[in-house]
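Following the working numbering, the numbering of the sequence shown begins with 1 at its first residue and continues without gaps.
In this text, a Cβ means the ideal position worked out from N, Cα and C, and glycines have one as well.
In this text, all values refer to a predicted model and were calculated from it rather than measured experimentally.
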Amino acid sequence: MKLTFPHLGNASFAAKAIFDGLNIDYVIPPLSNKKALQIGAYYSPEEMCLPFKIILGNYIQSIESGADTVLITGSCGPCRFGEYCELHMNILKKLGYNVDFIVIDYPKDIGIKELLNRISKISSESPINTKDKFKTLYYANKVVTLMDRIEQKTRYLAGYEINKGECKLLLHKCKSDAFECNSPQEMVQLLKKYEGAVDNIKIDKNKNPLKIAIIGEIYTILEPFSNLYIEDKLMDYGVSTKRYLYPSWWVKDAALTPLKLNSLSIKNASRKYLPYYIGGFGRECVGEAVLSQKQGLHGAIQIFPVGCMPEIVSKSILPSISKDKDFPIMSLIVDEMTGEAGFVTRIEAFLDLLERRKDYVLYGG
Ligand code: SF4
């Protein structure tokens, strides 16, 4: 068995840590790129959402490098994600690829017995003992928590840094070094070192940078290629960004869901505008918009793929939040046709607007 998985932001580091720790053969697809999108868009139904196409591209690039089994989380929720693996399987089969899929889903949807059955397909490939398998999971969780924390801090500190570009450089170096590690323990050590380095970044606390929340559909905010590297662009502009959804957030959310204790602050914040679960992360998007305003951010950018059903619902609610709370929110919709120049122009126009509002408040307008 040679496993592979699609990229999903920092989740790839956790997957790498698990397979290294379990000593299982695997292929990491090349970081999501134009080629992957071209391949995926070519073989996908046109109206499918962008994540489906990029993920299909990831799979095909991995299969071409020898992968024969795909590991993916499932979702039986009311949006297209629930159909992803079935459709991916059909497309790959039609293309003549002989691959197995292992879909990790919630026990409430597939039953605990079936879940254990699917997990054992992977763990039976590992030569290490049970105690070490649990240790590996522990380290993988540490890896993703540390990586997310480093990313959160560097993205926010970018607005305060004294040496321009230092935060971005450190974050990218950290990620590329992490891909070179050979064991989860080694990766944890490396990330701890980088976390220390982040704490030593020289900052000017007197600066008052723009602070913007990145909200919206989870894949397009986690996977940088799909949003045209918007957070990197904002770092270049000296803007501090805050994002609530990270892979480590997702792990915690999934673990607390059976107890109905997941994401309480986000759910509370969304209650007035969207009290129901509508699939995807539509409810989270609404809650995050409300929270960002409460936390004193200057604005929010919602990102989602063309045709994303839950985010279309949130997009229709965001103007009410914006009006009630005098809080600017811009929506950016992405697909394979999105042109970088138009995307950047909209971001710059939004930053201009926020700067003027900030100055207006500062000078008592
Ligand atoms: S949340 Fe939106 S983009 Fe993601 S799978 Fe569902 S419909 Fe597609």
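How close, in whole Å, do the beta carbons of alanine 178 and leucine 191 come, if the pair is a contact with beta carbons under 8 angstroms?
7 angstroms
Do isoleucine 214 and threonine 241 have their C-beta atoms within less than 9 angstroms of each other?
yes
Along the chain, where does the beta strand (DSSP E) that runs through phenylalanine 19 open and close?
From DSSP, phenylalanine 19 is part of no beta strand (DSSP E) but of the alpha helix (DSSP H) over 11 to 22.
What are the partner residues of aspartate 100, as DSSP defines its beta bridges?
Thr69
Can we say the stretch 81 to 89 touches the stretch 247 to 266, given the rule of at least three CB pairs closer than 8 angstroms?
no
So, at 6 angstroms on beta carbons, what are the nonlocal neighbours of phenylalanine 343 in its own chain, with the 5 sequence-adjacent residues on each side left out?
Leu228
Taking the alpha carbon of tyrosine 367 as the reference point, which residue from Glu311, Glu195, Ser331, Ser248 has its own alpha carbon closest?
Because the chain spans 1 through 365 in this model, residue 367 falls outside it and cannot be assessed.
Ordered along the chain, which non-local residues of its own chain (more than five positions away) have a Cβ less than 7 angstroms from that of serine 263?
Asp253, Glu284
Have a look at asparagine 10 and phenylalanine 327 and give me their C-alpha separation to the nearest angstrom.
30 angstroms
Extent of the continuous beta strand (DSSP E) run through isoleucine 301:
299 to 305
Inter-residue spacing [alpha-carbon to alpha-carbon] between methionine 330 and glycine 282:
15 angstroms
Helix, strand or coil: which one does DSSP assign to leucine 210?
coil
Mind checking whether glycine 74 and isoleucine 39 have CB atoms under 9 angstroms apart?
no
Rounded separation between lysine 35 and asparagine 206 - CA only:
44 angstroms
Delimiting residues of the beta strand (DSSP E) encompassing methionine 48:
Neither: methionine 48 is in no beta strand (DSSP E) and is coded neither H nor E.
Please report the straight-line C-alpha distance between serine 126 and phenylalanine 5, rounded to a whole angstrom.
17 angstroms
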